[in-house]
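Worksheet: one structure, shown below.
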Amino acid sequence: MPKNLREQMTQRIAAMSEHDLAQLYELWLLKEKMDVRGQMSEQAERENADGIWANLPELVRAYRSRKKSA
Numbered sequence: 030m031p032k033n034l035r036e037q038m039t040q041r042i043a044a045m046s047e048h049d050l051a052q053l054y055e056l057w058l059l060k061e062k063m064d065v066r067g068q069m070s071e072q073a074e075r076e077n078a079d080g081i082w083a084n085l086p087e088l089v090r091a092y093r094s095r096k097k098s099a
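See below:
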């Protein structure tokens with residue numbers, strides 16, 4: 030990694046075409062989505078280990094039953 034990475038990236042971004050900038054933005058959003066998914070997965074795994082979702086099949090069945098009767 031270069032020592033002046035931030036400066037180099039700022040210069041490159043400033044010189045980008047609008048099309049390339051839009052693609053970079055899409056990549057950044059994808060990276061954020063992946064980060065959020067990872068955090069959610071970690072939280073879900075902790076909740077599962079704590080037994081929070083042990084009765085998930087019953088909760089789903091009850092929800093579907095309520096939806097059918099509505």
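This note's numbering puts the sequence shown at residues 30 to 99. Ideal Cβ positions, reconstructed from N, Cα and C, are used throughout, including at glycine.
For residue i, which of helix, strand or coil comes out of DSSP?
{"i": "methionine 45", "result": "coil"}
{"i": "glycine 67", "result": "helix"}
{"i": "methionine 30", "result": "coil"}
{"i": "tryptophan 57", "result": "helix"}
Where does the unbroken alpha helix (DSSP H) through residue i begin, and where does it stop?
{"i": "proline 86", "result": "85 to 98"}
Write down the C-beta distance between residue i and residue j rounded to the nearest angstrom, noting that I regard them as a contact closer than 8 Å.
{"i": "leucine 53", "j": "methionine 45", "result": "7 Å"}
{"i": "tryptophan 82", "j": "glutamate 76", "result": "6 Å"}
{"i": "glutamine 40", "j": "proline 31", "result": "Actually they are not in contact, since the Cβ atoms of glutamine 40 and proline 31 sit about 12 Å apart, beyond 8 Å."}
{"i": "leucine 50", "j": "isoleucine 42", "result": "7 Å"}
In whole angstroms, what is the alpha-carbon distance linking residue i and residue j?
{"i": "leucine 59", "j": "arginine 66", "result": "10 Å"}
{"i": "aspartate 79", "j": "arginine 90", "result": "22 Å"}
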